[in-house]
Amino acid sequence: MLTRESPAAREVRVVRTRAELREALSAARRPVGLVPTMGWLHAGHRALIERAQAENATTVVSIFVNPKQFGDPADLERYPRNEARDVEICAESGADLVFAPSVEEIYPPGFDTSVHVGAIAEPLEGAARPGHFDGVATVVAILFNLVGAERAYFGQKDAQQLLVIRQMARDLAIATEVVAHPTVREPDGLALSSRNVHLTPEERAAAPVLRRALLAARARWEAGERSGEALRQELRDVLATESLATPEYVSAADTGTLQELDHLAGPALLSMAVQFGSTRLIDNELLP
Ligand code: PAF
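Residue numbers (my numbering): 21 to 308.
Listed below in structure tokens is the structure:
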């Protein structure tokens with residue numbers, strides 16, 4: 021049990037096993053809000069925890085770096101971790117309970133199931149990172165089942181992840197409501213991400229080009245442009261102004277299916293993945 025000194029902070033209990041979690045939740049006031057994370061918490065996570073706290077009687081934060089969603093072992097290895105700091109942020113943001121399990125607690129010996137979501141998981145991040153969404157859907161299904169929350173909170177920055185999790189919860193009849201929260205940004209527009217820590221100072225200075233590209237394409241759309249290819253080209257053109265940015269994909273897609281659009285007749289999702297040195301960043305903008 022940790023007691024925070026800050027008046028705003030609450031007591032937050034850290035549990036590590038399924039049994040401890042079950043015991044802690046048996047006495048929890050409902051509704052319960054869950055914020056699934058992989059740790060290295062930043063202001064984006066704070067916003068999710070604060071929202072969960074405002075909308076629920078009990079807020080649970082899970083901290084688990086999920087090996088199944090990393091294709092590259094080196095990427096998993098270098099994923100930043102600092103549990104003590106994460107627990108402090110949870111307390112300051114109003115969480116009641118932190119679930120920080122080991123890999124064996126989530127995937128015990130003999131674990132042999134994978135949750136595979138279909139078409140919505142295929143393009144964009146799904147194409148760029150084979151197996152990634154199987155890992156995400158599997159761990160989130162486990163967390164949803166273990167916590168049994170009324171609501172779970174995810175950032176809009178990972179727009180496709182949100183759609184994949186919604187599909188998974190709907191198809192598996194999991195009652196937890198999936199709540200999307202707006203992307204939190206640095207003053208210069210860079211979306212907060214645990215991966216930003218890996219950017220060199222030069223790459224960090226270049227990274228707001230993602231936001232500039234999205235805003236430029238949005239401005240074209242606001243001026244009446246409805247050609248999907250013209251909007252994708254606008255994204256490419258702005259990204260090309262930054263020599264440290266290597267685009268992996270740019271997209272102007274249907275918000276329901278994530279299929280690329282020739283013509284925007286309704287809501288659309290502009291999105292991109294861009295490599296800066298060894299760091300891969302994603303961002304997106306919803307066009308209503
Ligand atoms: O967005 C993340 O941090 C992760 O993909 C999630 C949802 C916690 C699953 O590991």
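Where a beta carbon is used, it is the ideal one built from N, C-alpha and C, also for glycine.
- The stretch 242-254 makes no contact with the stretch 210-221, as fewer than three CB pairs between them are under 8 Å.
- Judged by their CB atoms, D116 and I83 are not nearer to each other than the 7 Å cut-off.
- Taking 3 residues as the minimum length, the beta strand (DSSP E) runs contained wholly in the stretch 68-119 are 78-83 and 117-119, in order along the chain.
- At a threshold of 6 Å, D178 counts as near ligand 1, since its beta carbon sits closer than that to one of the ligand's heavy atoms.
- Across the set L259, A272 and E223, the C-alpha of L259 shows the shortest separation from the C-alpha of R231.
- Less than 7 Å separates the beta-carbon of A179 from that of N304.
- Under the DSSP assignment, R238 falls in the alpha helix (DSSP H) whose first and last residues are V229 to E242.
- Bridge partners of F174 according to DSSP: A200.
- For R30, the closest of L234, R42 and E70 by C-alpha to C-alpha distance is E70.
- In terms of CA proximity to A161, R186 leads the group R186, P121 and T79.
- In the DSSP assignment, Y127 is bridged to no other residue.
- Judged by DSSP secondary structure, A161 falls within the alpha helix (DSSP H) whose first and last residues are H152 to V167.
- Under the DSSP assignment, S247 falls outside any beta strand (DSSP E); it carries neither an H nor an E label.
- Short of 6 Å from the beta carbon of A236, and not among the five residues preceding or following it, lie these beta carbons of its own chain, in chain order: E254 and V258.
- The beta carbons of A141 and V199 sit no closer together than 7 Å.
- Annotation for K177: T203 and A211 place their beta carbon closer than 6 Å to its own, counting only its chain and skipping 5 residues before and after.
- Counting only the Cα atoms, G151 lies some 18 Å from V123.
- Between L284 and A273, the C-beta spacing is not below 7 Å.
- P221 carries a helical assignment under DSSP once its states are collapsed to helix, strand and coil.
- The C-beta distance from F174 to T196 rounds to 11 Å, too long to fall under 8 Å, and the pair is not in contact.
- In this structure, the beta-carbon distance from A111 to V32 falls below 7 Å.
- In this chain, E31 is not harboured by any beta strand (DSSP E), its DSSP state being neither H nor E.
- Judged by DSSP secondary structure, I185 falls within the alpha helix (DSSP H) whose first and last residues are A179 to D191.
- In the displayed model, V258 falls within a helix according to three-state DSSP.
- Within the model, the alpha-carbon separation for E145 versus A243 is close to 29 Å.
- Secondary structure note for L45: its alpha helix (DSSP H) is the uninterrupted segment R38 to S46.
- Taking 6 Å as the cut-off, one finds no heavy atom of ligand 1 near enough to the beta carbon of V80.
- For F153, the number of other beta carbons within 10 angstroms of its own is at least 16, and it is reported as buried.
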